[in-house]
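J.: Below is one structure. I have some questions about it.
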Amino acid sequence: MRLSAETRVAEPADLWDGVLHVVDGVWTHAGKPLFVQGAIGDAGRAHPPKAGLGPDPARWPAELDAAGLAGAVLYPSVAHRLFGALRGDTLRAALARYNDWVLPHASARIKPLALLDVSDPVAAAAEVPRLAERGAAGFLLPMVPSRGELGYECERYEPLWRAIAAAGLPVSISAGGLYLGEHVGTSVTLYSMGDDDPMYGWIHAATEVCAARVVVFALVLSGVCDKFPGVKLCVAGFDASWLPYTMIRADEQYETRPERVGTPDKANTVATFEQFGLSQEREGFSFPKGVVPSDRMGSNVFVTFHDDPVAVRLRDRIGVANLLWGSDGAPPPARSFGGLADKDARRLLADNTARLYGFAT
Amino acid sequence: MSALPPVWSADSHVVEPPDLWSSRIDKRFAHLAPRVVQRDDTDLWLVGEGSRMAVVGIQFQAGLRYVSPEAITKKGRYEDLPELTPEKYTDALDEDGVDGAVLYPTNAGQAWRHVKGELLTAIARAYNGWVLDYAATKPGRLAPVAMINVDEPAEAVRDMEDAAKRGACAFLIPIFPLPGRRYDQAMYEPIWAAAAALRRPIVFHVLFTQGVLQKEPVINLIRHSVKETHVLASIASILMSGVFDRHPTLRLGAIEFGASWVPHFVDRLDRAYVAHRDHRVVTLSGGALPSDHFRRNVFVTFQDDRAAIELRDVIGVHNLLWANDYPHAESTYPRSRQFLAEQLGPVSEADAIRIAGGNTRETYGLG
């Protein structure tokens, strides 16, 4: 049995009539292409991502059968782009259209994620149980909470984590829900790049995963995973071989520079937070003795992959239980799965996804 | 592997003495030069009109991580620190079981975030004069890296040539150049050409960058855990603009970022390069992929990165350079040989020789 932890669904062209339009095969908003720079991005994948399921929900069971899948977790192909393109009521209305379209088709085989605007964490928290009741198998959040806002490490998001833990459903972030200018940690050098800069997409493809790392660090190093152990984060769209470095780097920083867990001494620091334009500073989290950040990544962070032989090689380091195969319609690739023991293959191809999303096995 | 081969650290640091710039900088810039001031119970480096350039404590706390990590602090007074003379430096290397070290700055590189133009050039030249003299007293054990201001590439080339003549083994440039510029721009071609001709690598070191960070996580530890973003962006712009096609012998180093980020990075670029042919900035010659250029031209340093050791066939075993980061708080000193032995235990003797020191000697041209 195979279960896909990340299958993209092609949204109908008329889903966002009045807001988004397909012009010459390109999704546009306010006359501008939704996929900036046309083709490169989403961690090097095609734009929009290759959809494993088409726009007609009636055909989804047959399409799953054709792909050899017993079930799939549904991610959008386009809708997550709205996080970077729209704001406020317009964004919420557009997300609602996606949720209204996909959630009624939740079933034992189809597990759709609901998209959640988090600009008001209290409102988002209130939305969580309502979306769960309507069939959401999890919640897809923007990679950066809102353009110009602070990251998920801030205390203002705690109501959201509390609600998600109570719902017992995972949250996801996905490649593609980000504009380059929103990268946390990038510099004004990059900000100065225009959409027509030929290097734009290549740098985006090379560095977008760093924004995913920031979200992982935000949840782990701020103590969210300790305060709310039920919060499980699934990172989709980047494959998985980025995670070992993330684990190693976090442990190294935590263990060798413990003073960085605290807030910088403002009288004795080079990089003041005012210099970085930050409106606040927050202490990091001190784990219980003997626990390091990678332990929490092992218990709370999951990654999808389509074809990533390096990640499969490092599965013991990542955690065999944390690797979830996803399908765009193609079968499991031989270069990733060739030679893998049946027991591990079964976990990557079905068991892990079943456990995280509640598929029957 | 039964015994460790000769060990060289590809990334260690000097601690600049407080009078370095007051005694050496071009007199025109004396009033703006890096200087040490006391603030309450700590010393600080200031530069220019009074920008805080660096702190003192953290830079000389090697070994504390093992005995009292809670004592690691940015606070420190020069008068409390032992002077790190070349003799004391090599004594520490002996204690650490390390045969030699490539020397990067501790404080000088912080100047990039605060000043530019002629002042920055003057700071770099004064630093280079000092570190080249410093290392020259211990030939065969200490190898200095020169700091190069790239604001004016023609002038940078002259400084590179001068530093090479005087013994510099590599050229340290900022991870990002001035805001609004990027290394894929043609103005930097003379720098790549000069480094290739001089047979010395260009190196990017963590935290040494000109582009000012803008929006960052509010937790200090997170900020410092994602510093690789900058070097990934710069290396991508260099790789994808064909710099290594035009300068096939140029070597480029990513210093103190660890190494296991490499396989995912090159895989992303390869996939995008293959999938988005129409959007290529250049098509690499001979059917090469970005990963081919990375493996040929880019090296990385690490202290403790066992995933990278496991993936040495993907990264390129000749591109993996171990480092001890002495005397900074993160340093593996005085347990470097233990770290190396644990990491290199599973690898072949030939690979261990390369990673422990052979690659460093080869890459930096140390004979």
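Sequence order for the protein chains is A and B.
Here my numbering is used: position 77 in the first sequence is 73, and no number is missing along the way.
Here my numbering is used: position 272 in the second sequence is 470, and no number is missing along the way.
Glycine included, each C-beta is placed from N, C-alpha and C at the ideal position.
With distances taken Cα to Cα, identify the nearest neighbour of residue 52 (chain A) among A:5, A:90, A:21 and A:19.
T.: The candidate whose alpha carbon is nearest that of residue 52 (chain A) is A:5.
J.: Starting from the Cα of residue 208 (chain A), find the closest Cα among A:154, A:149 and A:153 and give me that residue.
T.: If we check each option's Cα against that of residue 208 (chain A), A:149 comes out closest.
J.: At the 8 Å Cβ level, is residue 542 (chain B) part of the contact set with chain A, yes or no?
T.: No - not a single Cβ of chain A is within 8 Å of the one on residue 542 (chain B).
J.: Taking only the alpha-carbon atoms, compute the straight-line gap between residue 536 (chain B) and residue 436 (chain B) and give it to the nearest angstrom.
T.: Residue 536 (chain B) and residue 436 (chain B): Cα-Cα distance of roughly 36 Å.
J.: Within this structure, are the beta carbons of residue 546 (chain B) and residue 509 (chain B) separated by less than 8 Å?
T.: Contact: no.
J.: Tell me, please, which residues DSSP counts as bridged to residue 236 (chain B).
T.: DSSP, once it has assigned bridges, lists B:241 as partnering residue 236 (chain B).
J.: Could you say which of A:93, A:286 and A:249 lies nearest to residue 280 (chain A) if we only look at CA atoms?
T.: Here the closest residue by C-alpha is A:249.
J.: Less than 8 Å between the beta carbons of residue 203 (chain A) and residue 431 (chain B), yes or no?
T.: Closer than 8 Å, so yes.
J.: Taking any Cβ of chain B, which residues in the segment 220 to 237 of chain A have a Cβ under 9 Å from it, in chain order?
T.: Going along the segment 220 to 237 of chain A in chain order, one finds 234, 235, 236 and 237 with a Cβ nearer than 9 Å to chain B.
J.: According to DSSP, simplified to helix, strand and coil, what is residue 300 (chain B)?
T.: Residue 300 (chain B) falls in the strand class under three-state DSSP.
J.: Determine the extent of the alpha helix (DSSP H) in which residue 151 (chain A) is found, giving its start and end residues.
T.: Element bounds for residue 151 (chain A): n/a, residue is neither H nor E.
J.: Any C-beta of chain A sitting closer than 8 Å to the C-beta of residue 459 (chain B)?
T.: Output row for residue 459 (chain B): interface = yes.
J.: Under a CB-based cut-off of 8 Å, is residue 214 (chain A) close to chain B?
T.: It does: the Cβ of residue 214 (chain A) has a partner Cβ on chain B nearer than 8 Å.
J.: Distance check for residue 494 (chain B) and residue 168 (chain A), CA to CA, integer angstroms please.
T.: For residue 168 (chain A) and residue 494 (chain B), the distance between alpha carbons rounds to 37 Å.
J.: Do residue 205 (chain B) and residue 295 (chain B) have their C-beta atoms closer together than 8 Å?
T.: For residue 205 (chain B) and residue 295 (chain B), yes; Cβs fall inside 8 Å.
J.: Measure the C-alpha to C-alpha separation of residue 214 (chain B) and residue 451 (chain B) and round it to an integer number of angstroms.
T.: Answer to the nearest angstrom: the Cα atoms are 23 Å apart.
J.: Report yes if the C-beta distance between residue 468 (chain B) and residue 446 (chain B) is below 8 Å; otherwise report no.
T.: Going by C-beta atoms, residue 468 (chain B) is not nearer than 8 Å to residue 446 (chain B).
J.: How should residue 331 (chain A) be labelled, buried or exposed, when 16 other C-beta atoms within 10 angstroms of its C-beta is the threshold for buried?
T.: Counting Cβ neighbours within 10 Å, residue 331 (chain A) comes out exposed, since fewer than 16 surround it.
J.: Would you decide whether residue 540 (chain B) is buried or exposed? Buried here means 16 or more other CB atoms lie within 10 Å of its CB.
T.: It counts as exposed.
J.: Measuring CA to CA, which of B:534, B:417 and B:562 is closest to residue 517 (chain B)?
T.: For residue 517 (chain B), the nearest C-alpha among the options comes from B:562.
J.: Between residue 282 (chain A) and chain D, is the shortest Cβ-Cβ distance under 8 Å, so that the two count as touching?
T.: Judged by its chain identifiers, the structure shown contains no chain D, and its protein chains are A and B.
J.: Chain B beta carbons: is any one of them nearer than 8 Å to that of residue 23 (chain A)?
T.: With 8 Å as the cut-off, residue 23 (chain A) does not count as an interface residue toward chain B.
J.: Along the chain, which unbroken stretches of the alpha helix (DSSP H) at least 4 residues long are found entirely within the segment 86 to 149 of chain A?
T.: DSSP runs (the alpha helix (DSSP H)) wholly in the segment 86 to 149 of chain A: 117 to 129.
J.: Answer yes or no: does any C-beta atom of chain B fall closer than 8 Å to that of residue 181 (chain A)?
T.: Low per-residue confidence applies at residue 181 (chain A): pLDDT is 40, beneath 50, and the placement is therefore not dependable enough to give any value.
J.: With a Cβ-Cβ cutoff of 8 Å, do residue 2 (chain A) and residue 161 (chain A) count as a contact?
T.: Not closer than 8 Å, so no.
J.: Quick check: what's the CA-CA separation for residue 357 (chain A) versus residue 425 (chain B)?
T.: Roughly 42 Å separates the two Cα atoms.
J.: From residue 552 (chain B) to residue 542 (chain B), what does the alpha carbon distance come to, in whole angstroms?
T.: Near 11 Å, if we compare the C-alpha coordinates of residue 542 (chain B) and residue 552 (chain B).
J.: Taking 8 Å as the cut-off, does the segment 525 to 533 of chain B touch the segment 463 to 480 of chain B (at least 3 CB pairs, one atom from each stretch)?
T.: The segment 463 to 480 of chain B is not in contact with the segment 525 to 533 of chain B.
J.: Indicate whether at least one CB of chain A lies closer than 8 Å to the CB of residue 418 (chain B).
T.: For residue 418 (chain B), the answer is yes, since a Cβ of chain A falls inside 8 Å of its Cβ.
J.: Note the first and the last residue of the continuous beta strand (DSSP E) segment covering residue 338 (chain A).
T.: Unbroken run through residue 338 (chain A) is the alpha helix (DSSP H), 338 to 342; no beta strand (DSSP E).
J.: Can you pull the chain A residues whose beta carbon is under 7 Å from the beta carbon of residue 271 (chain B), in chain order?
T.: By Cβ distance, chain A contributes 255.
J.: With the cut-off set at 8 Å, would you say residue 496 (chain B) and residue 433 (chain B) are in Cβ contact?
T.: For residue 496 (chain B) and residue 433 (chain B), yes; Cβs fall inside 8 Å.
J.: With a Cβ-Cβ cutoff of 8 Å, do residue 232 (chain B) and residue 305 (chain B) count as a contact?
T.: Yes, Cβ-Cβ distance for residue 232 (chain B) and residue 305 (chain B) is below 8 Å.
J.: Taking the continuous beta strand (DSSP E) assigned at residue 209 (chain B), which residues delimit it?
T.: Here the beta strand (DSSP E) through residue 209 (chain B) covers 206 to 211.
J.: Just to confirm before moving on: does the CB-CB distance between residue 107 (chain A) and residue 298 (chain A) stay below 8 Å?
T.: No, the Cβ-Cβ distance between residue 107 (chain A) and residue 298 (chain A) is not below 8 Å.
J.: Could you compute how far the alpha carbon of residue 183 (chain A) sits from the alpha carbon of residue 316 (chain A)?
T.: Confidence is the limiting factor: at residue 183 (chain A) the pLDDT is only 38, short of 50, which leaves the residue's position unreliable, though a coordinate-based value still follows. Going from the Cα of residue 183 (chain A) to the Cα of residue 316 (chain A) covers about 36 Å.
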